[in-house]
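J.: Line by line, the protein sequences are chains A and B.
Quick note on numbering: the first sequence equals residues 57 to 170 in the numbering used here.
Quick note on numbering: the second sequence equals residues 103 to 219 in the numbering used here.
Where is the CB? At the ideal position from N, CA and C, for every residue including glycine.
Being a predicted model, the structure only gives us computed values, none of them experimental.
Structure provided below as structure tokens; questions to follow.
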Amino acid sequence: DSGVTQTPKHLITATGQRVTLRCSPRSGDLSVYWYQQSLDQGLQFLIQYYNGEERAKGNILERFSAQQFPDLHSELNLSSLELGDSALYFCASSRDRESGNTIYFGEGSWLTVV
Amino acid sequence: GDSVTQMEGPVTLSEEAFLTINCTYTATGYPSLFWYVQYPGEGLQLLLKATKADDKGSNKGFEATYRKETTSFHLEKGSVQVSDSAVYFCALSLHYPFSGGYNKLIFGAGTRLAVHP
Numbered sequence: 057d058s059g060v061t062q063t064p065k066h067l068i069t070a071t072g073q074r075v076t077l078r079c080s081p082r083s084g085d086l087s088v089y090w091y092q093q094s095l096d097q098g099l100q101f102l103i104q105y106y107n108g109e110e111r112a113k114g115n116i117l118e119r120f121s122a123q124q125f126p127d128l129h130s131e132l133n134l135s136s137l138e139l140g141d142s143a144l145y146f147c148a149s150s151r152d153r154e155s156g157n158t159i160y161f162g163e164g165s166w167l168t169v170v
Numbered sequence: 103g104d105s106v107t108q109m110e111g112p113v114t115l116s117e118e119a120f121l122t123i124n125c126t127y128t129a130t131g132y133p134s135l136f137w138y139v140q141y142p143g144e145g146l147q148l149l150l151k152a153t154k155a156d157d158k159g160s161n162k163g164f165e166a167t168y169r170k171e172t173t174s175f176h177l178e179k180g181s182v183q184v185s186d187s188a189v190y191f192c193a194l195s196l197h198y199p200f201s202g203g204y205n206k207l208i209f210g211a212g213t214r215l216a217v218h219p
């Protein structure tokens, strides 16, 4: 158990719908990362937050958005869903106070768009 | 830019064979280096890490040495088991000290390992 909690673990929804994925980082971790893993594209970095502020943005679609709340939990919002958005979405967290801090991953949220 | 390159898979080995998965990196600063493993149907788990040049990370029989001169962090295991079948990801982390400090994490594409009895 990494200490990073993601909900829901599995989600099936229809095209055009909107979903929210939630992540609770390890206690004391300030950074939250979101990744998308699909069968054909490997592990894609989406976005990173540090202590409530966006720090880095990767290949995140405009239909997707994220935020990190004052209690440091984070949510990833996916809207106008398409079949191609079906993937495993990972959240990770790290203390990030110094170089070399380990990044811990949650077990992921499986999203299936039908 | 900063990047990680891993050998392409799949890598197929017989049980008890020697494993090497190559990983090289490009970074503007002094990164920390990681290997993560993803077993079928599971999330990513940290396998080992090294935070400075010449450090050796080790865990579960796996080893990797941070080679600054060759910008490499190759993963090795002397005798693989069927249970080692998984996808292995090499990653680097760069620290940015401003605004309280945070790390940027970059992954390689992953290498699938299949071990047969």
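Just how far apart, CA to CA, sit G163 of chain B and F120 of chain B?
T.: Straight-line Cα distance between these residues: approximately 11 Å.
J.: At the 9 Å Cβ level, is S134 of chain B part of the contact set with chain A, yes or no?
T.: Interface residue, yes.
J.: Using a Cβ-Cβ cut-off of 6 Å (strictly less than) and excluding sequence neighbours within five positions of E118 of chain B, which residues of its own chain qualify?
T.: S181, listed in sequence order.
J.: When the cut-off is 9 Å and only beta carbons count, does L99 of chain A lie next to chain B?
T.: Judged by the 9 Å Cβ criterion, L99 of chain A is in contact with chain B.
J.: What are the start and end residues of the beta strand (DSSP E) that includes N133 of chain A?
T.: First-last of the beta strand (DSSP E) with N133 of chain A: 130–134.
J.: Following the continuous beta strand (DSSP E) through I68 of chain A, name the residue where it begins and the one where it ends.
T.: Here the beta strand (DSSP E) through I68 of chain A covers 66–69.
J.: Relative to the C-alpha of Y141 of chain B, which candidate in B:T172, B:S187, B:F209 has its C-alpha closest?
T.: Among B:T172, B:S187, B:F209, the Cα nearest to that of Y141 of chain B belongs to B:S187.
J.: Listing by chain order, which chain A residues have their CB less than 7 Å from the CB of G145 of chain B?
T.: The answer, in chain order, is F146, F161, G162, E163, G164.
J.: State buried or exposed for D40 of chain A, treating a residue as buried only when at least 16 other CB atoms are found within 10 Å of its CB.
T.: Given a span of 57 to 170 for chain A in the structure shown, any question on residue 40 of chain A remains unanswerable.
J.: Any contact of the stretch 125–137 of chain A with the stretch 108–118 of chain B, i.e. 3+ C-beta pairs under 8 Å?
T.: No, the stretch 125–137 of chain A is not in contact with the stretch 108–118 of chain B.
J.: Residue range of the beta strand (DSSP E) that N161 of chain B falls in?
T.: From DSSP, the beta strand (DSSP E) with N161 of chain B extends over 158–161.
J.: Could you work out which residue in B:G103, B:V184, B:L135, B:R214 is closest to K170 of chain B when comparing CA atoms only?
T.: With distances taken between Cα atoms, K170 of chain B lies closest to B:L135.
J.: For a test of the three-state rule: what should DSSP assign to S83 of chain A, helix, strand or coil?
T.: It is coil, neither helix nor strand.
J.: Pull up the CB-CB distance for C125 of chain B and V139 of chain B, whole angstroms please, since I reckon it's below 8 Å.
T.: In fact, because the Cβ distance is near 13 Å, the residues do not count as touching under 8 Å.
J.: Can you tell me where the beta strand (DSSP E) holding Q123 of chain A begins and where it ends?
T.: Where Q123 of chain A is concerned, the enclosing beta strand (DSSP E) stretches over 120–124.
J.: Within the 9 Å Cβ cut-off, does A112 of chain A reach chain B?
T.: Yes - at least one Cβ of chain B is within 9 Å of the one on A112 of chain A.
J.: From this set, B:K154, B:L148, B:F175, B:L177, which residue's C-alpha is nearest G131 of chain B's C-alpha?
T.: When only C-alpha atoms are compared, the closest one is B:K154.
J.: Quick one, which residues of the stretch 164–193 of chain B are near chain A if we go by CB-CB under 7 Å, in chain order?
T.: Going along the stretch 164–193 of chain B in chain order, one finds F191 with a Cβ nearer than 7 Å to chain A.
J.: Which ranges would you report for the beta strand (DSSP E) in the stretch 106–182 of chain B if only whole runs of at least 3 residues count?
T.: Counting only runs of 3 or more, we get 113–116, 121–123, 125–128, 134–140, 146–152, 158–161, 164–167, 177–179.
J.: Taking the alpha-carbon of N157 of chain A as reference, which of A:L67, A:Q62, A:D57, A:S87 has the nearest alpha-carbon?
T.: For the residues A:L67, A:Q62, A:D57, A:S87, the minimum Cα distance to N157 of chain A belongs to A:S87.
J.: Can you tell me which of the three DSSP states G98 of chain A falls into?
T.: In the structure shown, G98 of chain A sits in a strand (DSSP, three-state: E or B).
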